[in-house]
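*Asks:* Before I ask anything, here is the structure I am working with.
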Amino acid sequence: MWRSLYVNPLWRIMHPLAGMDAGVTLREYYAHAGAARYTSVLVEDAGSRLLVTPEDVLRYLYENRMLDGVDPAAVASRLVAASPGTRVIDVIELMLGRWIRRLPMGGRILTDRLLADCYLFHARSLQILSRDPDSLLEAPVDSLQGCLVDPPRFSEGEDVYSVAEKVLGSNARAAVTADLSRIVTPFDLAVRPFVPRDP
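Going by the numbering used here, the sequence shown opens with residue 1, and the numbers climb by one from there.
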């Protein structure tokens, strides 16, 4: 399975990105994000192609003090969590099935980026891939160091700029409530409150 994975050309894996002109306003971006459910867009500007993600939008709104009125507790999502001993294959299926990029596990967080770094690019993983590739999928997530990170905590009523700073400064790119019941991400802070809702 792993050998066939690594020889796949990228055109088989890629999916189309929504494209926008650099002159498009944030208002139009939000309208597009609400209608098409795309939150990352490819922007063309004078021959350059740039990717704009919810994290980029959050950083802009944070740096320009444009988050007034956003309540982090109100936009936070309920946690979908798993045990740190969960097999990698089960975690992948859960994250893909629920369209989540951050998965709390035992008070820590696994992100899709950390999962790829730990299980596809880690030196130990590469050795295992050459000997017994399927064993990586059966391994518990916490079997490799550095895959799980400690998310910052935020409390109800905390200032949105304080929460945004925590999210942007964390390897998890998220913050969780003290009781670990809810999570807030760049999407929650920078996209969800501004996307037009159907009447």
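The beta-carbon is built from N, C-alpha and C at its ideal position, and this holds for glycine as well.
1. Bridge partners of residue 48, per DSSP?
2. Less than 8 Å between the C-beta atoms of residue 195 and residue 141, yes or no?
3. Leaving out the 5 sequence neighbours to the left and right, which residues in its chain are closer than 7 Å to residue 152 when beta-carbon positions are compared?
4. Would you say residue 173 and residue 86 are within 8 Å of each other, going by their C-beta atoms?
5. Can you tell me whether residue 163 is helix, strand or coil according to DSSP?
6. Could you name the residues that DSSP lists as bridge partners for residue 154?
7. Return helix, strand or coil for residue 84, following the three-state DSSP convention.
8. What is the rounded straight-line gap between the Cα of residue 2 and the Cα of residue 23?
9. Rounded to the nearest angstrom, how far is the Cβ of residue 84 from that of residue 148, given a contact under 8 Å?
10. May I ask which residues mark the beginning and end of the beta strand (DSSP E) holding residue 102?
11. So is residue 65 buried or exposed if we call it buried at 16+ other beta carbons inside 10 Å?
12. Out of 191, 103 and 115, which has the shortest C-alpha to C-alpha gap to residue 180?
13. For residue 56, which of helix, strand or coil comes out of DSSP?
14. Name the DSSP beta bridge partners of residue 20, please?
*Replies:* Judging by the given coordinates:
1. 45
2. no
3. 166, 170 and 175
4. no
5. helix
6. DSSP output for residue 154 lists 177 as bridge partner(s).
7. coil
8. Per-residue confidence for residue 2 stands at a pLDDT of 48, beneath the threshold of 50, marking its modelled position as unreliable; no derived number is given.
9. 7 Å
10. 102-105
11. exposed
12. 103
13. Assigned with DSSP and collapsed to three states, residue 56 falls in helix.
14. 43
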